[in-house]
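Under my numbering, the first residue of the sequence shown is numbered 190, with each subsequent residue one higher.
The beta carbon of each residue, even a glycine, is placed where N, CA and C say it ideally should be.
Predicted model only: the values in this text are computed from it and were never measured.
Here the structure comes first, spelled out in C-alpha cells, and everything after it is commentary.
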Amino acid sequence: MDTRGNEVQVAIVGAGPTGTMLGIELARRGIEVSILDRRLERSPESRAIGIHARTLEVFHQLGVIDEFLDLGHRVDGFTFHLRGQRRLRFSFGALESRYPFLLTLSQAETQRILEEQLARLGVSVQRGVRVLDLHEADDGVALHLRRAGDQREQILRAAWVVGCDGAHSMVRRRLGLPFDGDDYAQDWLMAEVNIDPEPRRDHFHVFAHAAPPFPIFPMSGGRWRLFLPQVVNRPEERQPPEMEEIEQLVAQRGPGGMTLSNPSLLATFRCYRRSAKVMRRGHVLIAGDAAHIHSPAGGQGMNTGLQDAFNLGWKLALVAGGRAPATLLDSYQEERAPVAAGVLAMTHGLVRTFTIASPRMRWVRDRLLSAAVAVPGAERRYVTRLAQLSHSYRDRDATRIGRGALVAGDRLPYVAGLRRGDDVVSSLDLLCTPLHTLLVLPGRSPDSALARATVARFAPWSAAVRTVLIARDAGAADGAVRDAALRAHRRYGALRGRLVLVRPDGYVARTAPLGRPEVLERYLRATRA
Numbered sequence: 190m191d192t193r194g195n196e197v198q199v200a201i202v203g204a205g206p207t208g209t210m211l212g213i214e215l216a217r218r219g220i221e222v223s224i225l226d227r228r229l230e231r232s233p234e235s236r237a238i239g240i241h242a243r244t245l246e247v248f249h250q251l252g253v254i255d256e257f258l259d260l261g262h263r264v265d266g267f268t269f270h271l272r273g274q275r276r277l278r279f280s281f282g283a284l285e286s287r288y289p290f291l292l293t294l295s296q297a298e299t300q301r302i303l304e305e306q307l308a309r310l311g312v313s314v315q316r317g318v319r320v321l322d323l324h325e326a327d328d329g330v331a332l333h334l335r336r337a338g339d340q341r342e343q344i345l346r347a348a349w350v351v352g353c354d355g356a357h358s359m360v361r362r363r364l365g366l367p368f369d370g371d372d373y374a375q376d377w378l379m380a381e382v383n384i385d386p387e388p389r390r391d392h393f394h395v396f397a398h399a400a401p402p403f404p405i406f407p408m409s410g411g412r413w414r415l416f417l418p419q420v421v422n423r424p425e426e427r428q429p430p431e432m433e434e435i436e437q438l439v440a441q442r443g444p445g446g447m448t449l450s451n452p453s454l455l456a457t458f459r460c461y462r463r464s465a466k467v468m469r470r471g472h473v474l475i476a477g478d479a480a481h482i483h484s485p486a487g488g489q490g491m492n493t494g495l496q497d498a499f500n501l502g503w504k505l506a507l508v509a510g511g512r513a514p515a516t517l518l519d520s521y522q523e524e525r526a527p528v529a530a531g532v533l534a535m536t537h538g539l540v541r542t543f544t545i546a547s548p549r550m551r552w553v554r555d556r557l558l559s560a561a562v563a564v565p566g567a568e569r570r571y572v573t574r575l576a577q578l579s580h581s582y583r584d585r586d587a588t589r590i591g592r593g594a595l596v597a598g599d600r601l602p603y604v605a606g607l608r609r610g611d612d613v614v615s616s617l618d619l620l621c622t623p624l625h626t627l628l629v630l631p632g633r634s635p636d637s638a639l640a641r642a643t644v645a646r647f648a649p650w651s652a653a654v655r656t657v658l659i660a661r662d663a664g665a666a667d668g669a670v671r672d673a674a675l676r677a678h679r680r681y682g683a684l685r686g687r688l689v690l691v692r693p694d695g696y697v698a699r700t701a702p703l704g705r706p707e708v709l710e711r712y713l714r715a716t717r718a
C-alpha cells in the first residue's frame, strides 16, 4: 500500500459539474484540492441542458459567463399547449436578474468550460481513480484509492472530503446516510432531433394534449431536446429507444404534424425522488446528486448541485484554511437541505400535475391553471421560483419581517444602472470577488465624513472584505460607485444610510445602520472571515 506524500486539504470525489464548481471555489481561495473521478475521460453525454438565471449569475461572478452566452441558446419563456389549442405562456422577462432567461447548453459543454476554468487555477481532475473506501479520524479522512492501470491500493489523507459522486454515491453509502424516497417506476426517454415545423425557438414548450405530456427545449444549431416521461409497456425496459418509438410517442402525445429527423441522442433513464436529510458527518460532506435527486421537470437538478457547491465552497475554504471554526459548516446543511426539499416538492408537483390520467381531471387541471395564471403576480412568483432566485437562507424570525425588508439570508437583490467611473455597472458586478463584500450606502442626505470613517474602519479587514462605497455623488470618494437615481439605496432600504455585508455567494450576511459597524464586525469575528 502506497501512502507516500499523499496529503491534501480537501479531496472531492466526483468531477461532474458540482464537484468541479466546488474545486473552482476552493482553488480560487488558495486551498489545496484533489478532485478524483473514476471515469478515464470527461463524459461526452449531453444530460442536463437548462441553466437558470441564478446559476448564470454565479457564472458571472466566476468570470466565465461570456463563453456560456456565446455557446448557449437563450430561452425567454415557455408555453403550455393544452388540449383544444388552449395555451398558457410564461415569460422570464419579469425576473429581477441580469439574466432574465433560461440558457440551454449541453452538460458536456458546461463541464468543459468549468474544467478549463479549474485548470486556469492550477488544478486538474485526476481521472481513472476509484475510491474504494474511506475512514475518518480526529484529524481528517483517509481515502483508499486505486488508479487505472495500477493494482496497488493507495491512501490519500485529506482534512476534508466532499462526495459529489452522484446518485449512487459511495461516500454517502460509506457514511451510512439515509437516502429516503422512491422512484417513478417507468422509463423516461429523451432525444435530440430536428423538428419540422418548428415551434417558436425563444420558448420551450410543454405539450399536454395527452397523458403524460412531453416538453421540448430549443438548443443551439437548430436542435431540440425532447423528454418523454413515464413510458409504460416497453418491450425492453431501460434500453435506449429506436427513433420509431420516439416518433410514435410524439404522434400520440403531441399536436400532430410534427416531423422529427437527424437524431443525435436517443436515451432512456429512470427518475427518482430521494434526498439525504444529513449532508455532513464529521469531516465528510455530500453535495449535488449525492444529496438529492428528482425528476428533470423544471430543469432544477444541475442548477441545485451547482448552488450547493457555491454555498459550501467559501465556507469550506475558510475552515480548511484555518480562518473559521468547523461549526461554520453546520450552516451548509441548515441552508441547503430545505432548498433541496423544496426542489423535490416542486418537481414532484409538476410531475403529478402533468401526468394526470383521467381526461376529466385533465380538463379541470387546464382550467385551474388558466385561472391561476390570471392572478396578479402569479407569473412572476412562479418563474422566480423556477429560476432559483427565490431561494432564501433567512431564519424563522427573519422570515416574519416580511418581503420588503432586506435581511440576513436574502439573495442580494439585483440593481442595474450604477456607475463606476465611466463604466455602467450593476450590483452583480460588485460581487465578483472571492471575499465578502461590504456595501456602504450613505443615504439620500449623506454624512460623507461618517461614510469615509466607515470605509476606513474596515481597512484592517481588507484580506477578508472588499469595501464598496455606493454614493449619490460620484465624487464622494475615489473608486466610489455612483447611484445617482438612488436605485440601490431604495432597493436596499438605505435612504437613511445603511451597511450591507454580502457573503461570497451573493447572499446577505448582515445589515446595519450606517453608524453601527460593530454589528458587522461581530459577524466577521465569529466567522473569522
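- DSSP, read as helix, strand or coil, puts T700 in strand.
- Nearest C-alpha to Y461 among L449, S450, D478, G446: D478.
- Around the C-beta of H357, fewer than 16 other C-beta atoms lie within 10 Å, and the residue is accordingly described as exposed.
- Separation of L334 and D322 (C-alpha to C-alpha, rounded to the nearest whole angstrom) is 7 Å.
- Residue state for S280 is assigned as strand, using DSSP reduced to three classes.
- Burial check for E214: the Cβ neighbour count within 10 Å reaches 16 or more, so the residue is buried.
- Separation of V613 and G443 (C-alpha to C-alpha, rounded to the nearest whole angstrom) is 46 Å.
- Under DSSP, L658 takes part in a beta bridge, and its partners are V629.
- Taking I254 as the centre and dropping the five residues before and after it, the same chain places the C-beta of L245, F248 closer than 7 Å to its C-beta, in chain order.
- Its Cα nearest to that of R363, the residue R470 stands out among T457, R470, F406.
- Cβ-Cβ separation between T700 and L688: approximately 7 Å, consistent with a contact (criterion under 8 Å).
- Taking the C-beta atoms as reference points, R551 is found nearer than 8 Å to A400.
- Comparing C-alpha distances from F269 to each of D672, L260, F279, P485 shows the shortest one belongs to F279.
- One alpha carbon belongs to A465, the other to A480, and they sit about 5 Å apart.
- Between the alpha carbons of A204 and A337 lies a distance of about 16 Å.
- In summary, Q437 is exposed, with fewer than 16 beta-carbon neighbours lying within 10 Å of its beta-carbon over all protein chains present.
- About 33 Å separates the beta carbons of N451 and Q577, which is beyond the 8 Å limit, so they are not a contact pair.
- The three-state reading of DSSP puts I545 in coil, since its state is none of H, G, I, E or B.
- Contact annotation: A216 and G311 have beta-carbon atoms nearer than 8 Å.
- When beta bridges are read from the DSSP output, M379 appears opposite F416, A456.
- Going by C-alpha positions, R389 is about 16 Å away from L449.
- D584 is classed as exposed because its beta carbon has fewer than 16 other beta carbons within 10 Å across all chains shown.
- A straight line joining the alpha-carbon of P289 with that of I240 spans about 11 Å.
- Using a Cβ-Cβ distance cut-off of 8 Å, the stretch 564-575 and the stretch 417-434 are not in contact, since fewer than three pairs of beta carbons, one from each stretch, lie closer than that value.
- Between the stretch 517-530 and the stretch 369-386 there are fewer than three C-beta pairs closer than 8 Å, too few to call the two in contact.
- From the listed residues F647, A674, D694, the smallest Cα separation to V708 is found for F647.
- Residues L277, E568 of the same chain have their beta carbon placed closer than 7 Å to that of V562, with the five preceding and five following residues left out of the count.
- Secondary structure of N422 (DSSP, three-state): coil.
- Measuring C-alpha to C-alpha distances from L292 to each of A513, D497, A331, D391 identifies D391 as the nearest.
- The straight-line gap separating the alpha-carbon atoms of I344 and P623 is approximately 31 Å.
- In this structure, L501 places its C-beta atom within 8 Å of the C-beta atom of L474.
- For W503, no beta strand (DSSP E) run applies; the uninterrupted alpha helix (DSSP H) run containing it begins and ends at 490-509, by DSSP.
- When secondary structure is reduced to three states using DSSP, P527 falls in the helix class.
- Judged by DSSP secondary structure, V572 falls within the alpha helix (DSSP H) whose first and last residues are 567-575.
- Counting along the chain, the unbroken alpha helix (DSSP H) around H249 starts and ends at 242-251.
- Collapsing the DSSP output to three states places E325 in a strand.
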